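A short worksheet on the structure shown next.
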Amino acid sequence: MDVFEADAQQREEELRKWWHDNWKSIAMGVILAFVIITAVFWYRDHTRKIRYQNAVDFYGVVMNTNMADEKNVAEVKAFIGEHGNDVYSQLAALSLAKQFVSEKKYQEAADLLNGSLGAAKDSILDDVVRLRIARIDIELKKFDDAVAVLNAVRNNDSFRFEVTSLRGDAAYASGDLNAAFKYYDEALSYAKADEDTTVVKMKRDALNAVKGVPAAKNAAQVTEPAAEAAVKDTVADDAAEAAAKTVEAEASAKQ
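At position 184 of the sequence shown the residue is numbered 183 (numbering that gives the first Met the number 0), and the sequence of numbers has no breaks.
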């Protein structure tokens, strides 16, 4: 019995010594863990509130704004400057660029979109912007710039049809009808089931019918309206719709 008591006393003494030597470290570890956990939850809540406020600001400043009014354009530009490193800045740039294009302010639209690249840190959205820039560059007859922008598209599998058809538009606008026909034909082979290929088919068939004659009337009648439609584009509409859904999601998260 004495042996067991001695052993228990020895263990108790060792435990006391260990606690005496380490209690400060243990207490600091517990405090540090508490601080880290508190900071993580605070950061998450703070970030969520910022996202929600940005969504509300975007909806108020961009979605419900008549961009034909110069005063409102100035407000949207200010919003873009204030939100230079988030998705709402890039979505606002897309919406404002659409207005510029409708007013034939192509260079202003191109400059705005080029400045927005990378703001959202989203490669898909960046590629949507690049497609828009390429269309505007073609309208500005900056064919080399358009090709360079298309070469910079990262998500080729997702945008292969759009990129290749735009290469066809650039080739046609620069007068290379053979290359344009090749790109249009290639683009159709990349088209997915849910993609509207009507305009591209019309362009390809028109070029095929004239057998590469540059001044053919029917080719011009088909491709020029198509080029105009490309400049108008639906990308900004899709982006605005996505933004609206984001706003709703942020509002729901707030609730």
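All residues carry an ideal CB built from backbone N, CA and C; glycine is no exception.
What you are looking at is a predicted structure, and each value in this text was computed from that prediction instead of being measured.
- No Cβ-Cβ contact shorter than 8 Å links ASN154 with PHE180.
- Straight-line spacing of the CA atoms in LYS23 and LEU14 works out to 15 Å.
- A buried status is given to GLY167, since no fewer than 16 other beta-carbon atoms sit within 10 Å of its beta-carbon.
- The DSSP-derived three-state label of GLU194 is coil.
- The beta-carbon separation of ASP136 and ASP144, rounded to 5 Å, stays under the 8 Å limit for a contact.
- About 4 Å separates the beta carbons of MET66 and GLN98, which is inside the 8 Å limit, making them a contact pair.
- By the 16-neighbour rule on beta-carbons within 10 angstroms, ALA108 is buried.
- Residue state for THR64 is assigned as coil, using DSSP reduced to three classes.
- Between the alpha carbons of ALA170 and VAL39 lies a distance of about 53 Å.
- The beta carbon of LEU130 sits closer than 6 Å to the beta carbons of GLU161 from its chain, once the five residues preceding and following it are set aside; these are given in chain order.
- For ASP121, no alpha helix (DSSP H) run applies, since DSSP gives it neither H nor E.
- Taking the Cα positions, ALA190 is about 23 Å away from ASP175.
- For VAL146, the enclosing alpha helix (DSSP H) begins and ends at 142–150.
- In the three-state DSSP reduction, HIS19 falls in the helix class (H, G or I).
- Excluding the 5 residues flanking it on each side, GLU185 has same chain C-beta neighbours closer than 7 Å at THR163, in chain order.
- Here LEU130 carries a helix assignment [DSSP, helix/strand/coil].
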